[in-house]
Structures are given as structure tokens and as C-alpha cells.
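One structure below.
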Amino acid sequence: MRKERGRRPKKKVCGFCVDKVEYVDFKEASRLRRYITERGKILPRRISGNCAKHQRQMTVAIKRARNMALLPFTIE
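When the count follows this note's numbering, it moves up by one through the sequence shown with no breaks and lands on 77 for the last residue.
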């Protein structure tokens, strides 16, 4: 008996690595907006497809952008 195997989803690539971004800047609100949900939550790494280094930088950048009022904390 052969066990059925499900199809693996395609591996996501880090958008920051593709664009060769050294440092994720909090002033690029339009780019950071892609990584938050419509409720205002930060997307996890397994969903966003970022590498660990850029995910950490992106999280800090989103939090800074929120404090500078470039991004909302919550969306009603």
C-alpha cells in the first residue's frame, strides 16, 4: 500500500531579499502596508514569506511607523 502524499505549496521568497534591501525603512509605509492585515495585525513569517532577518526588521519598522502615525494601530 502506497501512502498518498499531498502537494507541497510553493516556497515563498523574501520580497526584501529579492529587491536587495539592506535595511527595512519605517518611512516606506506603502511597502509595509502589504505586511499587515486589514485588522492591523502584523503578518507572521510563514505567511509573509520573509526571511528571519527581514521579518525582524519589518516588525520594528511597522511599530516605528505606527508611533510616527504613518500606519494605523487598528482599523475600525
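The C-beta atom is built at its ideal place from N, Cα and C for all residues, glycine as well.
Q | N-terminal and C-terminal residue of the alpha helix (DSSP H) that Met-59 is part of | A | 53-68
Q. Ends of the alpha helix (DSSP H) at Ile-48?
A. 46-49
(Q) With a threshold of 7 Å on Cβ separation, who are the neighbours of Phe-74 within its own chain once the five nearest residues in sequence on each side are excluded? (A) Gly-41, Arg-67
Q.
Less than 6 Å between C-beta atoms, sequence neighbours within five positions excluded: which residues of the same chain meet that for Arg-65?
A. Phe-27
(Q) For Leu-61 and Arg-9, what's the separation of their Cα atoms in angstroms? (A) The sequence shown places Val at residue 61, rather than the Leu named in the question. Approximately 31 Å, taken between the alpha carbons.
Q.
Between the alpha carbons of Glu-23 and Ile-43, how many angstroms are there, rounded?
A. 21 Å
(Q) Between Arg-47 and the ligand GDP, is there a pair consisting of the residue's CB and a ligand heavy atom that are separated by less than 8 Å? (A) Of ligands this structure carries none, so the ligand GDP is not represented either.
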